[in-house]
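Trainee: Mind having a look at this structure? Questions to follow.
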Amino acid sequence: MKFKIDKYLLKKTEELAFITVKKDGDFHLEGYEIPKEGLNVPIKNEVLVKGIKEKTAQEGLNSMSIADAMIYIIGIDPEFKYNPEYKKFLSSIEKKVNFNVRSYAGYMSRKYFELGEYTD
């Protein structure tokens, strides 16, 4: 069943850019294998713009910035076609750096709520 808020939440995807990470590229995460066709990873536009302004975008993407955007897209579109692959990626991050996806999502939800962003 679709809810009225779904339409609003799906508009939030406009805050993301997608970058294709190739299997034979420089990005590696222990315990995770990039699919042979590559993986379209999300990154929040604000993070990408900041990297461009600070001239750090060319040095590579931070896996935590990617994880943050993956959690964001899973939250706003539970049926997004790459979610199953994103969940595998996030599971590897959790194991590698002692990161808890649920705790982080709760923290970010509270942070945005306190800023008055009730839907983020």
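Residue 1308 is where the sequence shown starts when you use the working numbering, and the numbers rise one by one after that.
Each residue gets a CB set at the ideal place from its N, CA and C atoms; glycine is no exception.
Computed from a prediction, not measured in an experiment: that's the story for all the values here.
1) Closest to P1349 by CA distance: which of L1397, G1413, E1361 and K1402 is it?
2) Just reading off the beta strand (DSSP E) that K1351 is part of, what are its end residues?
3) Going by C-alpha to C-alpha distance, which of A1374, F1387 and Y1379 sits closest to S1416?
4) Contact between the region 1406-1420 and the region 1333-1351 is defined here as three or more beta-carbon pairs at a separation below 8 Å; is this criterion met?
5) Label I1359 either buried or exposed according to how many other C-beta atoms from any shown protein chain fall within 10 Å of its C-beta, with 16 as the threshold for buried.
6) Taking the alpha helix (DSSP H) that F1420 falls in, what are its first and last residues?
7) How far does the beta strand (DSSP E) with F1334 in it reach, from first residue to last?
8) Report buried or exposed for M1377, applying the criterion of at least 16 other Cβ atoms within 10 angstroms of its Cβ.
9) How big is the Cα-Cα spacing for G1332 and Y1419?
10) Kindly list the residues whose CB is nearer than 7 Å to the CB of M1308, restricted to its own chain and excluding five residues on each side of it in sequence; keep chain order.
11) Measure the CB-CB distance between K1351 and L1368 and report whether it falls below 8 Å.
Mentor: Taking the structure as given:
1) If we check each option's Cα against that of P1349, L1397 comes out closest.
2) Residue range L1346 to K1351 is occupied by the beta strand (DSSP E) that includes K1351.
3) Comparing alpha carbon positions, the residue from A1374, F1387 and Y1379 closest to S1416 is Y1379.
4) These segments do not touch.
5) Around the beta-carbon of I1359, fewer than 16 other beta-carbon atoms lie within 10 Å, marking it exposed.
6) It spans V1408 to E1421 - the alpha helix (DSSP H) in which F1420 sits, taken as one unbroken run.
7) F1334 -> no beta strand (DSSP E), and no H or E assigned at all.
8) Buried, by the Cβ-count rule.
9) Rounded to the nearest whole angstrom, the C-alpha separation of G1332 and Y1419 is 34 Å.
10) Since pLDDT at M1308 reaches only 45, below the 50 mark, its modelled position is unreliable, and the value read off the structure follows with that caveat. Cβ neighbours of M1308 beyond the five flanking positions: none.
11) No, they are not a contact pair.
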